[in-house]
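Chemist: Pasting a structure here, questions to come.
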Ligand SMILES: Cc1ncc(COP(=O)(O)O)c(C=O)c1O
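Residue numbers (the working numbering): -17 to 370.
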């Protein structure tokens, strides 16, 4: 999950920036200001038509998001965990079926596997991109493996070609967890189009965020289209005709209306994030004590998070906090070492790259309206910390 969402009272304009002005980790107020009247009008339309769940706004958003991502279908659901769960349920996991995924991700990825009846198998990540290591995936494939779930973490696509090749070779499916990667590209291909399905979250802090909860499945596969539509609606094929049990997992109309407005600005917001990443690179690139995030040669990175690494993580975090600069940890305890997965029996040291990354990572402020002056102050604080 992204940051805890707090009302942000901090002034963010460069004009009012002083050395003590707080810099939030994430600003969810400023990006909504410009189109506030449109959001209010969407809410008014919903109130006056009483279209709250489903209806034309949801269908419109589904059409527009499918075009944006480049799949035949996008199916709106209640959140990005339901989208994963409904995909896995549609694929028909059997008890004991193993699904290979990263331990370095948010727990939604793996809990959706378990809740759909499968067993997550955690493997290590590539030390540079911090996404699934194809060699580790190859080593983990066994007789019970049915699928692979790459997570396009922090906005950067995992190395999909070798993963897709492994899947083809072993008859496995690939589902992309693109919760953090709206609009990201892998060798020109859009995140959410490369596997049998893609899963997106519209939690407010995501690159495309609602004003509550939301998610979507992107796919060209009729089995998944049928399954997800049925599962989000209590297993209904038509009103009160239930071909299975399901869930209450629908996207709300007001969220869809907000998402339609914000989708128009997504590419500009992504460009803003890319600009911020460039400023960080320019300001901090020479620091030998700090590993900056790298963009893989295959990636168009959409910078959901800007995650640096240093063995002095805790002290740097304190220095930033003292300077009233927000920062975060994504994620401090890898899933294979969480109490929730103790029964899977992964010992300390079993996924060494993941464990090293988890103990050294730190997310710096990253959002599209961050100014050059704000990035400068974050960078100055980091440089001072390293005595530079
Ligand atoms: C990688 C990843 N997968 C899945 C999810 C779940 O999405 P949601 O919070 O919308 O259920 C999130 C978001 O928190 C995420 O970051």
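Ideal Cβ placement from N, Cα and C applies to all residues, glycine included.
#1: Looking at the secondary structure, which residues open and close the alpha helix (DSSP H) in which residue 300 lies?
#2: Find out if the Cβ-Cβ distance for the pair residue 86, residue 323 is shorter than 8 Å.
#3: What span of residues does the alpha helix (DSSP H) with residue 20 cover, start to end?
#4: Assign residue 151 to buried or exposed, taking buried as 16 or more other Cβ atoms, counted over all protein chains shown, within 10 Å of its Cβ.
#5: Once you ignore the five residues that flank residue 80 on each side, which residues in its own chain have a CB closer than 6 Å to its CB?
#6: Could you compute how far the alpha carbon of residue 177 sits from the alpha carbon of residue 117?
#7: For the candidate residues 306, 266, 294 and 262, whose alpha-carbon lies nearest to that of residue 285?
#8: Ordered along the chain, which non-local residues of its own chain (more than five positions away) have a Cβ less than 7 Å from that of residue 207?
#9: Taking the alpha-carbon positions, what's the residue 28 to residue 89 distance?
#10: Looking at the secondary structure, which residues open and close the beta strand (DSSP E) in which residue 55 lies?
#11: Using DSSP bridges, identify the partner residues of residue 101.
#12: Can you tell me the Cα-Cα spacing of residue 280 and residue 227, whole angstroms?
#13: How big is the Cα-Cα spacing for residue 311 and residue 283?
#14: Taking residue 158 as the reference, give the member of 272, 204, 51 and 217 with the closest Cα.
#15: Is residue 340 helix, strand or coil by DSSP?
#16: Quick one: what's got a C-beta closer than 7 Å to residue 342's C-beta in the same chain, skipping five residues either side?
#17: I'd like to confirm something about residue 10: is its beta-carbon nearer than 7 Å to some heavy atom of ligand 1, or not?
#18: DSSP three-state call for residue 321: helix, strand or coil?
#19: If you count every other CB in all the chains shown that lies within 10 Å of the CB of residue 183, and 16 or more means buried, which is it?
#20: Need the endpoints of the beta strand (DSSP E) that residue 200 sits in, please.
#21: Nearest CA to the CA of residue 336: which residue from 222, 213, 135 and 211?
#22: Taking 8 Å as the threshold, find out whether the stretch 162 to 173 comes into contact with the stretch 214 to 227 through three or more Cβ pairs.
#23: Can we count residue 185 as close to ligand 1, meaning its CB is less than 7 Å from some heavy atom?
#24: Drop a sphere of 10 angstroms on the beta-carbon of residue 195, count the other beta-carbons inside from all chains shown, and report buried for 16 or more, exposed for fewer.
#25: For residue 119 versus residue 145, is the C-beta distance shorter than 8 Å?
#26: Inspect the beta-carbon positions of residue 107 and residue 289 and report whether they are closer than 8 Å.
#27: Just how far apart, CA to CA, sit residue 172 and residue 180?
#28: Beta carbon of residue 106: closer than 7 Å to some heavy atom of ligand 1?
#29: So, at 6 Å on beta carbons, what are the nonlocal neighbours of residue 252 in its own chain, with the 5 sequence-adjacent residues on each side left out?
#30: Quick one: does the C-beta of residue 230 sit closer than 7 Å to a heavy atom of ligand 1?
#31: Closer than 7 Å to a non-hydrogen atom of ligand 1 - does that hold for the CB of residue 35?
#32: What are the start and end residues of each continuous alpha helix (DSSP H) run of 4 or more residues lying completely inside the stretch 112 to 149, in chain order?
Modeler: Short version:
#1: That run of the alpha helix (DSSP H) goes 295 to 304.
#2: Not closer than 8 Å, so no.
#3: Looking at the DSSP string, the run of the alpha helix (DSSP H) that includes residue 20 is 18 to 31.
#4: That one is exposed.
#5: For residue 80, the CB contacts under 6 Å within the same chain, skipping 5 residues up- and downstream, are 101, 103, 126 and 127 in chain order.
#6: The straight-line gap from Cα to Cα measures roughly 19 Å.
#7: In terms of Cα proximity to residue 285, the closest of 306, 266, 294 and 262 is 262.
#8: Once the five neighbours on either side are set aside, the close Cβ partners of residue 207 are 55, 57 and 201.
#9: Residue 28 and residue 89: Cα-Cα distance of roughly 33 Å.
#10: Element bounds for residue 55: 55 to 59.
#11: Under DSSP, residue 101 forms a beta bridge with 80.
#12: Taking the CA atoms as reference points, residue 280 sits about 41 Å from residue 227.
#13: C-alpha separation (whole angstroms): 19 Å.
#14: Of the candidates 272, 204, 51 and 217, the residue whose Cα lies closest to the Cα of residue 158 is 51.
#15: DSSP, read as helix, strand or coil, puts residue 340 in helix.
#16: Only residues of its own chain outside the window of five on either side were considered, and among them 291, 292, 293 and 295 have a CB closer than 7 Å to the CB of residue 342, listed in chain order.
#17: When distances are taken from the beta-carbon of residue 10 to the heavy atoms of ligand 1, even the shortest one reaches 7 Å or more.
#18: Reduced to three states, the DSSP call for residue 321 is helix.
#19: Counting the other Cβ atoms within 10 Å of the Cβ of residue 183 gives 16 or more, which makes it buried.
#20: Counting along the chain, the beta strand (DSSP E) containing residue 200 begins and ends at 197 to 201.
#21: With respect to the C-alpha of residue 336, the residue from 222, 213, 135 and 211 having the closest C-alpha is 135.
#22: Cβ pair count under 8 Å is below three, so no.
#23: Between ligand 1 and residue 185, a heavy atom-to-CB distance of less than 7 Å is present.
#24: By the C-beta density criterion, residue 195 is buried, having at least 16 other C-beta atoms within 10 angstroms.
#25: In this structure, residue 145 lies closer than 8 Å to residue 119 by Cβ.
#26: Not in contact: residue 107 and residue 289 (Cβ atoms no closer than 8 Å).
#27: For residue 172 and residue 180, the distance between alpha carbons rounds to 10 Å.
#28: False, no ligand heavy atom lies under 7 Å from that Cβ.
#29: Same-chain partners within the cutoff: 165 and 284.
#30: Outside the cutoff, so no.
#31: For ligand 1, not one heavy atom lies less than 7 Å from the Cβ of residue 35.
#32: Runs of the alpha helix (DSSP H) inside the stretch 112 to 149: 116 to 122.
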